[in-house]
Structure formats: structure tokens, C-alpha cells
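Participant: Sharing a structure, written as C-alpha cells. Questions coming.
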Amino acid sequence: MFDTFKERVNKLRKRRYKSYNKRMKYFMVVFIVGYAIFFTSQLWLPPTYVGVPVTKVGGSISANNRQVKVDSIDYSKKDRVIEVILEIDNLSIDGVNSYNFKAKDRRGNLKTEVVSESNKFVVLHIKKVSRRWTEIGIVISLKPEDEKKNTDFDPMRVYISNKIAKNVDTIDIKSDAGYVRLAKKRQIEGVEEQITELKHIISKNNKDIKSIKGKISELKKEKEVQTVKEKQVTDTNINELELKKNELSLKNKDAKNDIADLQEKIKVLNGE
Numbered sequence: 027m028f029d030t031f032k033e034r035v036n037k038l039r040k041r042r043y044k045s046y047n048k049r050m051k052y053f054m055v056v057f058i059v060g061y062a063i064f065f066t067s068q069l070w071l072p073p074t075y076v077g078v079p080v081t082k083v084g085g086s087i088s089a090n091n092r093q094v095k096v097d098s099i100d101y102s103k104k105d106r107v108i109e110v111i112l113e114i115d116n117l118s119i120d121g122v123n124s125y126n127f128k129a130k131d132r133r134g135n136l137k138t139e140v141v142s143e144s145n146k147f148v149v150l151h152i153k154k155v156s157r158r159w160t161e162i163g164i165v166i167s168l169k170p171e172d173e174k175k176n177t178d179f180d181p182m183r184v185y186i187s188n189k190i191a192k193n194v195d196t197i198d199i200k201s202d203a204g205y206v207r208l209a210k211k212r213q214i215e216g217v218e219e220q221i222t223e224l225k226h227i228i229s230k231n232n233k234d235i236k237s238i239k240g241k242i243s244e245l246k247k248e249k250e251v252q253t254v255k256e257k258q259v260t261d262t263n264i265n266e267l268e269l270k271k272n273e274l275s276l277k278n279k280d281a282k283n284d285i286a287d288l289q290e291k292i293k294v295l296n297g298e
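Laid out in C-alpha cells, this is it:
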């Protein structure tokens, strides 16, 4: 009898030991996999956005009495090339209209080639770009021979993002006129996107205004069976809703004015 009891205890211990081993093995596998993911994630996960001031197509930065406008950003994943068209207006009298360009990502410098430079247009090809790129900074500085002409010049930085780049199949070399046409095309596309976004905002605001009007009507009906004190509270709520409705109406008015300005900009770009 004692031997039977002892055997049962031993069997129970063995089952528990096996169960413990299974749990421990599972834990170790999860731990090792998690450890590997954590320390190798930068190799296969795209880096997170770091909040740099990205300049959209059609947008610009100002520095050193110059305005640098981004006219186009095309990206070919197949070629691993980013094509950037910049328009640099020199508002100073230093006579410098040619610059050095350097592109950088989080890993360091990228091969950057000026493929066209005429008047104020500059076309850059940034090569061997990581297929998982996010932001890239373009540094614009003076050439060594021009540094004495403007000793106060600080390097300018334009940041671009894969979120705003136009994905294309391949990137070809074009004529100067071809780049000007492409710059206008990309700017028009950017303006059209802004117009679409503004129309969405107006549509959403109109839905909210309709809902607010309905709520105001409900509150006014409720006043018919309310006490004087309750009516005061309801009137306060109605006034707040009216203010919100007027605020949305003003936003729509501003959005419509912005759309009109953008539509005029498209006409100018089209040479109308």
C-alpha cells in the first residue's frame, strides 16, 4: 500500500516536472524571439518619423535672402532613385546662383548628382536610396569659390518624405524644358490634392452643421415642457451650438476662398 502511494507521488512529480519543462521551454523561445526582434528591428523595420519639418511639393523654405521651393519629388523603387526639382530664388545681391548639394538619411550621406541646373531650376538625383527610406535631408551650401562672396551664408536644409513623394516606375534623364514641364505638372497635382482635401473638410463641416441644426430644433421643442430654470440651461446649450455652427460656417467660407485661390494658381501654372 505504501509502495503504491509512493509510486503515485513519483508519477505526480514527473508530470509536474514535464509540465514545468514545457512552460520553461515556451518562455525561453518567446524570450529569445523577442530579444532578436528588439535588437534587429532596425535592420528590417522602417525607421519611425522623427518630426523633421518636411517641405511638401509647392512648399518652400526661406534663408540667406533666398527662397527654396520644392517643385517635384519623384521616387523609383526599382531604380532606387529620388528625383527632386528645386527652384531657388536669390533675393540678395551676392551674385551666387550655383550651389553644392548633399543628401543625407539617418545612415549618413547619399550619392547626390546634379543632373540639370539652369536659371533658378535645379534637378537632383539621389541614388542608391534604401527601399525603406522615410525622410531625407538635402543640404544646400556654397561652393568653396563662392564662400568669400557671402561670409554670412548658413547651409540651408530641405527635408523630404516618402509620404509626399510621387511613386514612379522609372526615372529618366530629361531636357531642361522637360524638367520645367514636369515641375509644373507635379505642382498642379499638389494643388489639386489640396483642393480635394479642402472639399472633404467642407463636406464634413456641412454634415456637422446639419446635425447641429437638428439638435437645436430638438432643444427648442423640449423647452415647451420645461421649467424656467430648465429653459435657461437649454438656452445656454442652444447658444453654444449656434456658436459652433457659426464657427464651422466661417471655416467653410475660408476653405472656399482658399479653393478659389488654388484654382487661380492652377490657371497661372497652365499659362492661362
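By my numbering, the letter at position 217 of the sequence shown is numbered 243, and the numbering carries on one by one without gaps. Don't be surprised by glycine CBs; every beta carbon is placed ideally from N, CA and C. All figures in this text were calculated on a predicted structure; none of them were measured in a lab.
Does the count of Cβ pairs from the region 242 to 256 and the region 221 to 234 closer than 8 Å reach three?
Facilitator: no
Participant: May I have the straight-line CA-CA distance separating Asn-90 from Asp-131, to the nearest angstrom?
Facilitator: 24 Å
Participant: Expressed to the nearest angstrom, what Euclidean distance is found between the alpha-carbon atoms of Asn-123 and Thr-81?
Facilitator: 21 Å
Participant: Could you spell out the range, first to last residue, of the beta strand (DSSP E) harbouring Val-1?
Facilitator: Past the edges of the chain, shown from 27 to 298, lies residue 1, and the structure says nothing about it.
Participant: Decide if the region 162 to 172 is in contact with the region 184 to 192; the criterion is three or more beta carbon pairs, one per stretch, under 8 Å apart.
Facilitator: yes
Participant: Give the single residue among Arg-157, Val-206, Glu-173 and Lys-137 whose Cα lies nearest to the Cα of Glu-113.
Facilitator: Its Cα nearest to that of Glu-113, the residue Val-206 stands out among Arg-157, Val-206, Glu-173 and Lys-137.
Participant: Measure the CB-CB distance between Tyr-101 and Ile-108 and report whether it falls below 8 Å.
Facilitator: yes
Participant: Would you kindly report the start and end of the unbroken alpha helix (DSSP H) that includes Asp-287?
Facilitator: 254 to 295
Participant: Just grab the DSSP bridge partners of Ser-142 for me.
Facilitator: Val-149
Participant: Within a Cβ cutoff of 7 Å, which residues of the same chain sit near Asn-231, ignoring the five residues on either side of it in sequence?
Facilitator: Leu-274, Lys-277 and Asn-278
Participant: So what does Leu-112 bridge to, in DSSP terms?
Facilitator: According to DSSP, Leu-112 bridges with Val-96 and Val-148.
Participant: Between the Cα of Thr-260 and the Cα atoms of Lys-241, Asn-272, Lys-270 and Arg-106, which residue gives the shortest distance?
Facilitator: Lys-241
Participant: For Asp-234, which residues does DSSP report across the bridge?
Facilitator: Its beta-bridge partners do not exist; DSSP assigns none.
Participant: Per DSSP, Ala-129 forms a beta bridge with which residues?
Facilitator: Ala-129 is bridged by DSSP to Leu-136 and Ile-164.
Participant: How close, in whole Å, do the beta carbons of Leu-136 and Val-155 come, if the pair is a contact with beta carbons under 8 Å?
Facilitator: 6 Å
Participant: Nearest-angstrom Cα distance between Glu-298 and Asp-287?
Facilitator: 14 Å
Participant: Starting from the Cα of Leu-117, find the closest Cα among Ser-98, Lys-146, Asp-195 and Ile-228 and give me that residue.
Facilitator: Lys-146
Participant: Taking C-beta to C-beta, are Lys-192 and Ile-99 nearer than 8 Å?
Facilitator: yes
Participant: Which partner residues of Lys-192 appear in the DSSP bridge assignment?
Facilitator: Asp-100
Participant: Ser-86 by DSSP, collapsed to three states: which one?
Facilitator: strand
Participant: Sorted by chain position, which residues of the same chain lie with C-beta nearer than 8 Å to Asp-202's C-beta, five sequence neighbours on each side aside?
Facilitator: Ser-142, Ser-144 and Phe-147
Participant: Which residue comes first and which comes last in the beta strand (DSSP E) that contains Arg-183?
Facilitator: Annotation for Arg-183: the continuous beta strand (DSSP E) segment containing it runs 182 to 187.
Participant: Pull up the distance between the alpha-carbon of Ser-237 and that of Ile-227, whole angstroms please.
Facilitator: 15 Å
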